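Residues in the sequence shown are numbered from 1 upward in steps of one, following UniProt numbering. Ideal Cβ positions, reconstructed from N, Cα and C, are used throughout, including at glycine. Fair warning: this is a prediction, and the values are worked out from it, not measured in the lab. Step one of this worksheet: look at the structure below.
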Amino acid sequence: MTSEKPDVAVVGPGAIGTTVAAALHEAGRTPRLYGRTPRERVELRVGPPGADERVEVPGPVLTDPDAVAGVVDLVFLAVKATQVDDAAPWLAALCGPGTVVCVLQNGVEQAATVGPHVPRGAVVPAVVWFPAWTQDDGVVHAPGEVRLTLPDVPAAGPVVDALRGTRCDVDVSPDFVTAAWRKLLQNAVAGLMALTGRRSAVFTRPDVADLALAYLGEGLAVARAEGARLDDDVPGRILALFQRPPGDQGTSILTDRDAGRPLEWAVRNGVVSRRGRAHGIPTPVSDLVVTLLAATSDGPG
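Structure representation (structure tokens):
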């Protein structure tokens, strides 16, 4: 960091980006906001249903990379994995030799995907453990604990410092690969919600539960081959998360399907098949899920 009060930017102030921006703003570290949609401010509602605690983060949200005033100390990149190339002009304008880019995205390939766009800075992947979504009125709702996991690398230090004392807890893990693949398995099986068009209650169907466990079993084998230290009970524990009442839990890939947007199938699901092939591990369920998600996302038809 170049100062005790770092210059921070959030690129992509959607649900996850707004949540992190609000945490920074509450701590007196209001970030610059950059995205596709111009807004005067972004707003977060926190707490369970019925709660009305709100945090308003002043903008504006700038939409032109040419308007960037200069490089910053820290960038939180919160665009979807399908939008990384579109965000490249922002990264070029915001990143200098000392800039750290914390990638708030799904998947286990953030560094490889974002790294080529940050030749002068450092990229730190993050596991995002909290749900957040944008309501019809444009306000983002984060109903529970806000937490990130980062790898135990020197470049994680500025991220930890920026979020210290905020509502966003940060864990630094020496076994980041395990945390990343644990979350990847959860995201991958959530793809069944996008294929069925149903929320989490669909996993209470015995046939869907059996399919989910078969899919998670393949993913577990691939994760272990990648170095993740995950126990045999992980598939069952992930399934139980989706099966617990009230059954109305959503997922961003389902939201994107409902909105007709491209799906993050490659980073959430395709990676299981790709890495399985690299390790010689058969993944027939994964291959079928990936084919259907790709067709759902990209067509034709």
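Return helix, strand or coil for residue i, following the three-state DSSP convention.
i	result
residue 104	coil
residue 30	coil
residue 300	coil
Strictly by DSSP, which residues pair up with residue i?
i	result
residue 161	Note: residue 161 sits in no beta bridge, so no partner.
residue 173	151
Does the ligand NAD have a heavy atom nearer than 8 Å to the CB of residue i?
i	result
residue 104	As far as ligands go, the structure on display features none, and thus does not contain the ligand NAD.
9 Å is my cut-off, CB to CB: does residue i come that close to chain B?
i	result
residue 50	The question asks about chain B, but that chain is absent: this structure has only one protein chain.
With a threshold of 16 other CB atoms inside 10 Å of the CB of residue i, please say whether the residue is buried or exposed.
i	result
residue 314	Missing from the structure shown is residue 314; the chain here goes from 1 to 301 and no further.
residue 153	exposed
residue 251	buried
residue 83	buried
residue 37	exposed
residue 32	buried
residue 248	exposed
(request) Enumerate, from N- to C-terminal direction, the unbroken alpha helix (DSSP H) stretches of 4 or more residues contained entirely within the UniProt domain "Ketopantoate reductase C-terminal" (175-295). (result) As far as the UniProt domain "Ketopantoate reductase C-terminal" (175-295) is concerned, its whole alpha helix (DSSP H) runs of at least 4 residues are 176-196, 206-225, 234-243, 252-259 and 271-279.
(request) Counting only runs of 4+ residues fully inside the UniProt domain "Ketopantoate reductase N-terminal" (8-153), write out the alpha helix (DSSP H) ranges in chain order. (result) Qualifying alpha helix (DSSP H) stretches, in chain order: 15-26, 84-94 and 110-114.
(request) Decide yes or no for the touch test of the region 132-147 against the region 100-111: beta carbon pairs closer than 8 Å, at least 3 of them. (result) Contact between the region 132-147 and the region 100-111 is absent, because fewer than three Cβ pairs lie under 8 Å.
(message) Taking contact to mean 3 or more Cβ pairs, one atom from each stretch, closer than 8 Å, check whether the region 127-141 and the region 9-23 are in contact.
(response) Touching, yes.
(message) Under 8 Å: do the region 178-198 and the region 104-117 share three or more Cβ pairs, one atom per stretch?
(response) Cβ pair count under 8 Å is three or more, so yes.
(message) Between the region 285-294 and the region 186-196, can you find at least three pairs of beta-carbon atoms closer than 8 Å?
(response) Pairwise C-beta distances place the region 186-196 in contact with the region 285-294, as three or more of them are shorter than 8 Å.
(message) Whether or not the region 53-60 and the region 72-87 are in contact is what I'm after, with contact meaning three or more pairs of Cβ atoms, one per stretch, closer than 8 Å; do they touch?
(response) Taking 8 Å as the limit for Cβ pairs, the verdict is that the region 53-60 does not touch the region 72-87.
(request) Say whether the region 208-222 touches the region 256-268, bearing in mind that this needs 3 or more beta-carbon pairs closer than 8 Å, one atom from each stretch. (result) Result no; under three Cβ-Cβ pairs closer than 8 Å.
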